[in-house]
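Numbering (our numbering), first residue to last: 10 to 180.
Each residue gets a CB set at the ideal place from its N, CA and C atoms; glycine is no exception.
Everything on this sheet refers to the single structure shown next.
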Ligand SMILES: CC(C)(COP(=O)(O)OP(=O)(O)OC[C@H]1O[C@@H](n2cnc3c(N)ncnc32)[C@H](O)[C@@H]1OP(=O)(O)O)[C@@H](O)C(=O)NCCC(=O)NCCS
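Following this line, the structure appears as C-alpha cells:
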C-alpha cells in the first residue's frame, strides 16, 4: 500500500490515530525503539502466509508500530492452535519518550479487531521480560519460563486466546 492509500484506513482508538501502514515506514522507528535489538530490514518476514502492519500516529508521524503475522505457537502453548488461525505479534515498539500513553494498546486493539475479522483464535508473541506488564495488562498469559537466546533480550512466551469474554462458557 502506498502512504496515501494507508491513510484511508486510519481510525481512532480512544484519542489515538491508528491504522495499517507499510512495513517499510516503521523501520526507522523500530531501529530506535527496539534498541539494543536490531530490527530486520523489510521485508522482515517474507515467508509468512499472511501479515499486516499497524502504526499509531502522533503529530502525523508513526510513533508506535507492530506486525501481525500468521504463525502457529508451539502445540503445548495453547489448545486452540488451529492452522492458519494463530497470529504472532512481531517487533512491537513505541518511541521511548511517548511510552505509557496508550499507543501500543491502540495498535493491539486494532490488530486484534482485524485478526478476529480474519477468524483468528490465538494471538501470541515472544515478549521481552521488560514488556511483561504490557502483555499481562492485555490479558496475555505467560507460558513456561524465561527464555534466553543469542542476540535477543530475555523474553517470555505470551499467549492470548480470543475467546469472547462476554459469553459464558457452556456448562
Ligand atoms: C512494550 C511497549 C511496546 C509498550 O508500549 P506503550 O505504548 O508504552 O504501551 P501502552 O502505553 O499502551 O501501555 C499500556 C499498559 O501496559 C502496561 N505497561 C506498558 N509499559 C509498561 C512498563 N514499562 N511498566 C509497567 N507497565 C507497563 C501498563 O499497564 C500500561 O497502562 P498504564 O500506562 O495506564 O498503566 C514499549 O514499552 C516498548 O516499545 N518497549 C521496548 C520494545 C519492546 O519491549 N517491545 C515489545 C516486546 S518485544
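{"Asked": "Residue 64 and residue 74 closer than 8 Å at C-beta", "Found": "yes"}
{"Asked": "Exposure label - residue 99; buried when at least 16 CB within 10 Å", "Found": "buried"}
{"Asked": "Straight-line Cα distance separating residue 88 from residue 48", "Found": "31 Å"}
{"Asked": "Nonlocal neighbours in the same chain, by C-beta distance under 8 Å from residue 139, ignoring five residues either side", "Found": "162"}
{"Asked": "Beta-carbon proximity check, residue 61 vs residue 123, cutoff 8 Å", "Found": "yes"}
{"Asked": "Residue-level contact to chain C via CB, residue 31, 8 Å cutoff", "Found": "The structure shown contains no chain C; it is built from a single protein chain."}
{"Asked": "Residue 108 Cβ short of 7 Å to ligand 1 heavy atom set", "Found": "yes"}
{"Asked": "Residue 67 versus residue 26 - alpha carbon distance", "Found": "8 Å"}
{"Asked": "Exposure of residue 39, with buried meaning 16 or more beta-carbon neighbours within 10 Å", "Found": "buried"}
{"Asked": "Pairwise C-alpha distance: residue 103 and residue 128", "Found": "27 Å"}
{"Asked": "Identity of the residues DSSP links to residue 18 by a beta bridge", "Found": "Paired residue(s): none; residue 18 is not in a bridge."}
{"Asked": "DSSP state of residue 181 mapped onto helix, strand, coil", "Found": "One cannot answer for residue 181 here, as it falls past the ends of the chain, which runs 10 to 180."}
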